[in-house]
Every structure is written in structure tokens, then in C-alpha cells.
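Numbering (the numbering used here), first residue to last: 26 to 557.
One structure is given below, encoded as C-alpha cells.
So this is what it looks like as C-alpha cells:
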């Protein structure tokens, strides 16, 4: 009877396989694996007519790997094969499993580590005056050459996958090994396979959890002269399965942070690695740690540049910089707050575009939006959205000032002034002028980042927004209308004309409205950034 040795986040267990065994996260599977990276019904192991055990993926989200390779279709399992499902690793054991090799009499002599005595000739690179063996000199030179070329090869590579491939390629040139792997911790801190190379494609790839735990715990390099007789690895099935003789593992450390582990091994040679080899592999691991940190920094800079560019389209440069620096949090969800909403819309836009080509309309809109948005940014407003010829801006979200209503109304007046200058140039060029109506309202609303992680946009919703939009619809060309709530907060700064109650769509009662006709005095604040 065949079985699976399962190493999951819950620990180790041995499970016998039947003729038809499904593996997955749900309890209805014959073999349940409680791993969030495993699909509900991940894969199936069946016995074919020839009595062979065959594994088949069932369309899982993260795939099924046998000996480190993603399977497509059916794959026949052999004794000792490694099966990886999400963060769970399994070892297939058939009835023909080989017995554990007997321990050699010189067990302690075969066992070695980086602390063991190899002899002075092996421990260090000799000085020029100590060199007696020309062959040893050539061998040492070759190893140093490959290590130097490795540094040159990966110095400008920021993609970790390609970087690790090059590191393992060079490691195969440096060392006598049949397998080499690089592991990195996942979000839970468990070491997962990130890259591997095998000298023979038919080799089985099973990473020893015993070696991994040893390096994780001690954060030092390990060399084993004969892993099959090494007391430290008594319980490691992977070493028995792959008949590993020599093994070496080093931590990838950056200021005591464990970024990963490099493991190499040989199935053919006992005592294949000296402490000098360990020093070389440790140096490679140190270089790898530096390059990982450089790659992280490059990615962070790139993400910050994208974030900065994204938010500079929505808010003033000062606010965008606060988002990038982390002073202003960007997260999904909403919060209730009081804010002032401004809508600006071109009057007679349809008639204006009747005799214009599409590209001319687009150019006109871009120039118009550039003009009004720059004015809004100058007063620390945030762009919520553009809809056709309408722009919506907000004061008080995501960052609030004590005088947000004043800022919004002042911005509206300056938008009208800026358009007057812009229209002079248009009229001189024989083009029709652009006139806008502006509606402003202040009150409670819900504000937050909405959408998927890569396409989040900041937005506000609520009755306050709806009233501002309706006031904009009522505003004539060159007119700025404000609600009563806004008027109460700006009456000391602006001259207004009280209008009769305005009936707005969606409201049963008319809304008190006021037309802003000018400033009483200079605003009581100074914009943080003057881009005029």
C-alpha cells in the first residue's frame, strides 16, 4: 500500500492512499489539507490499470508540483517523489520503498560542519608565499573568478527570479553538486522554494526541512560530509530519498534579517565541500542579500514613483507627497467626515461642440481641465472625478483645513477669473468662449478609496455631494452658487446675493441658495503652494 508523508502548516502526518484519493481544503476530500493556498479540490491520486499511482491536478489555483515541476495532465508517481500543494509538501512512498541505509562505523568521522577541523590548507586561501601546489592555486583562482563574475552578472538585475537563476548557474560552476535551491520566507515566515537547479532533470527535488530549520535557528552555515550518517539529520526523509551524501547550506542574511537560504548537495561524493567552499558560498549569500535589498529598494522607488504620479493627478503636489511618505494613509473603506464639494460644468457644451472635430473637443477639454484643476490644487483641493465636461473637487477629504469652505469658494472665483483670460485668447483666435457654472455645498459625507488595489480612486458619496451637483446644474454661465450650509461658513469673506429657494432634483424641499459675487477681503489663509 502506498502512502503520503504530509508536511503542512499543521505539522506532519502519514496517510495511506486508496485507489481514488482526492486532496484539497474541503472536508469532503479523502485527504484534507488545511492550507489557505490549497484549492477546495486541488488534485487527485488514482491507481491506473497497470497498478501505477498517477497524480492529476483538478484545475487548482496555485497548481500541483511534482519534484519542483508544475504538472500538466497525468504524472506517474515514483517512490520518493516530492509533491507540493500551496505551502504543503508531501513525499510519495510506495510499497517498494528502500530501507534506510545502515550507519557506518565511523559515523562521527563522517559528520562535519563549518566548525569542524578540515586542516589548515582547506580552511583559508593561502598567501602567495605559502603556495606550494600549482593545481590548488588554479582551483582557487577559478573559484574566485566565478565568484567575481557572479557579482558582475547580477549587479544590475532587479528581477529576483532571473537573479536567482544566475546565482545557481554560477554555483554549479563553483561547486560539485547535483542539486541547488534558494528558499525565501513567505508572509507567515515559512521557507518556500524560489529557485532550483538539478544536474539531471530526472533527479528528485525534496528540500530537507531538517536542514532548513537548523539554518533558520542558528543563522550559520552548515556543511555535512556524509548526510546519510550525520546525527543532525536522523529524521530527514528527504536525505534518505535522494541519497544525499554531501550537503551545504548557508543563510542569506542582511543585518541579522534572514532573507533566505541557499542549499546545495551531492549524491555521489562524500566530503565534497571544505570550509573554504563554505566561505565562498557564504560570500555568495552575502552578495545575494545585498542584491535582494537593492532590488527591494528599486521596487520601492518604482512603486513610490507610480504612487506619486497617480496621486498628483488627484491632489496637489503637497498632498501627493504626504501620501507617498506615509503621512497620509491610503486604504480601502470609507469614513464619515464634513467636507465641501465643488462641481464646475461648461454651459452649452453640446452646442459648443457641434462645429468642432473630436480631437479639437478633446484638446479644448484638456486645456480647460488643466486650468481649473491647477486653481483647485493651489487651494489644496482634491480632484474626485471628471465626467464629460464636468469636474468635481473636494475640500476636507482626505485632509481637512479649518477654512475648507473658504478655500473652495475662493477657488471657484479664481476659476472664473482664469477662464476670462483664457477666453480672451480663444476669441482672438476666432474660437467661441467657454463659460462655466459652479455649485458648492458643505456637509457630512462618506470619503474613502474605492476599487481594486491597482486601480483605487479617492471618492466621496452622500447627499452633500448630490446637492452640490444640483446647484451646479442651476448655476448660469459665470455664476457660483453656494448652499446655505456653505454660506454660513464663508459669509464674512465673500459678497453674496440671496436667491429664492431653488428646487433641486431628488429633494422634496427647495434648497436655499446664494450667488457669490465677489470677495469682501483677502482670504484669511495663504495657500501652501502657489503655482501661479
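Every residue, glycine too, gets a C-beta built ideally from N, C-alpha and C.
In the structure shown, the three-state DSSP call for residue 533 is coil.
Scanning 387, 483, 449, 320 for the CA closest to the CA of residue 417 turns up 483. By a beta-carbon distance limit of 8 Å, residue 500 does not contact residue 543. Their separation comes to about 16 Å. As DSSP reads the structure, residue 218 sits in a beta bridge with 208.
Rounded to the nearest angstrom, the gap between the Cα atoms of residue 204 and residue 302 is 16 Å. When rounded, the separation of the alpha-carbon atoms in residue 60 and residue 107 is 17 Å. In the DSSP annotation of this structure, the continuous segment of the alpha helix (DSSP H) that includes residue 188 starts and ends at 185 to 199. Between residue 286 and residue 277, the beta carbon gap of about 6 Å places them in contact (Cβ cut-off 8 Å). For residue 55, the CB contacts under 8 Å within the same chain, skipping 5 residues up- and downstream, are 43, 45, 46, 47, 48 in chain order. For residue 225 and residue 197, the gap between their C-alpha atoms comes out near 12 Å. Contact between residue 117 and residue 27 holds: CB atoms are separated by about 7 Å, below the 8 Å threshold. Contact between residue 307 and residue 359 is ruled out by a C-beta separation of about 51 Å, above the 8 Å threshold. In the structure shown, residue 244 falls within a coil segment according to DSSP collapsed to helix, strand and coil.
Between the alpha carbons of residue 75 and residue 52 lies a gap of roughly 30 Å. The criterion of a C-beta distance shorter than 7 Å is satisfied by residue 541 and residue 505. For the options 489, 380, 206, 281, the alpha carbon positioned closest to that of residue 364 is the one of 489. Residue state for residue 278 is assigned as strand, using DSSP reduced to three classes.
Going by beta carbons, residue 175 and residue 195 fall inside the 7 Å limit. Put simply, of 414, 404, 62 the residue whose alpha carbon is nearest the alpha carbon of residue 424 is 404. A straight line joining the alpha-carbon of residue 58 with that of residue 475 spans about 35 Å.
The three-state reading of DSSP puts residue 381 in coil, since its state is none of H, G, I, E or B. Residue 514: member of the alpha helix (DSSP H) spanning 509 to 515, first to last residue.
Taking C-beta separations shorter than 8 Å and ignoring five residues to either side along the sequence, the partners of residue 83 in its chain run 47, 49, 64, 66, 67, 68, 69, following chain order. Residue 191 and residue 305 have their C-alpha atoms some 16 Å from each other. The bridge partners DSSP lists for residue 117 are 29.
In the DSSP assignment, residue 473 is bridged to 484. Residue 435 has its alpha-carbon roughly 14 Å from the corresponding atom of residue 427. Our two residues, residue 95 and residue 201, have alpha carbons roughly 27 Å apart in a direct line.
With a cutoff of 7 Å on beta-carbon distance, residue 466 and residue 498 are scored as not near each other. For residue 420, the closest alpha carbon among the candidates 430, 388, 411, 532 is that of 430. Unbroken beta strand (DSSP E) runs of no fewer than 3 residues, entirely contained in the segment 389 to 472, are found at 407 to 412, 415 to 420, following chain order. Taking C-beta separations shorter than 6 Å and ignoring five residues to either side along the sequence, residue 155 has no partners in its chain. In the DSSP assignment, residue 538 forms a beta bridge with 508.
Note that the segment 360 to 379 touches the segment 436 to 444; at least 3 beta-carbon pairs, one per stretch, sit closer than 8 Å. A direct Cα-to-Cα measurement between residue 323 and residue 184 gives close to 10 Å.
Using a Cβ distance threshold of 7 Å, residue 221 and residue 88 do not count as a contacting pair.
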